[in-house]
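K.L.:
Every letter in the sequence shown is one number past the one before it in the working numbering, and letter 90, counting from 1, is 90. Each residue gets a CB set at the ideal place from its N, CA and C atoms; glycine is no exception.
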Amino acid sequence: KSVLDTRPIFHKRDETIRGHVFCSFLALVLRKELDRRLERAGFEFEWADIKQDLKALQEMTVEENDKKLAIRTACLGVCGKVFRAVDVALPQTVRET
1 KSVLDTRPIF HKRDETIRGH VFCSFLALVL RKELDRRLER AGFEFEWADI KQDLKALQEM
61 TVEENDKKLA IRTACLGVCG KVFRAVDVAL PQTVRET
């Protein structure tokens with residue numbers, strides 16, 4: 001298995017080609033850094049599991065009587081371990097904004 005899944009991408013202008021190459025390279029660098037930090041923390045997760053759990057993590061804002069609350073879903077699966085490995089603190093499940 002490879003980190004790189006390739007498929008043809010068609011661009012007509014040089015700046016869109018450069019933008020696509022830059023974003024692709026940045027994504028690869030970030031993915032490798034995440035892998036490095038997970039390994040250093042002693043974790044080995046499948047990329048599909050990480051994506052699935054991060055996709056399930058959502059937050060919404062509820063406003064009532066001039067009071068705003070941010071409510072996020074529970075951090076399930078490998079999601080919490082990924083955040084800890086990269087030293088990112090999750091906000092409280094319910095918090096006033």
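Once you ignore the five residues that flank arginine 95 on each side, which residues in its own chain have a CB closer than 6 Å to its CB?
P.N.:
Ala70
K.L.:
Would you decide whether glutamate 64 is buried or exposed? Buried here means 16 or more other CB atoms lie within 10 Å of its CB.
P.N.:
With a threshold of 16 other beta carbon atoms within 10 Å, glutamate 64 falls short and is exposed.
K.L.:
For the alpha helix (DSSP H) containing valine 62, list its first residue and its last residue.
P.N.:
From DSSP, valine 62 is part of no alpha helix (DSSP H) but of the beta strand (DSSP E) over 59-64.
K.L.:
I need the DSSP call for arginine 13, collapsed to helix, strand or coil.
P.N.:
coil
K.L.:
Using the three-state DSSP reduction, which class does valine 94 fall into: helix, strand or coil?
P.N.:
strand
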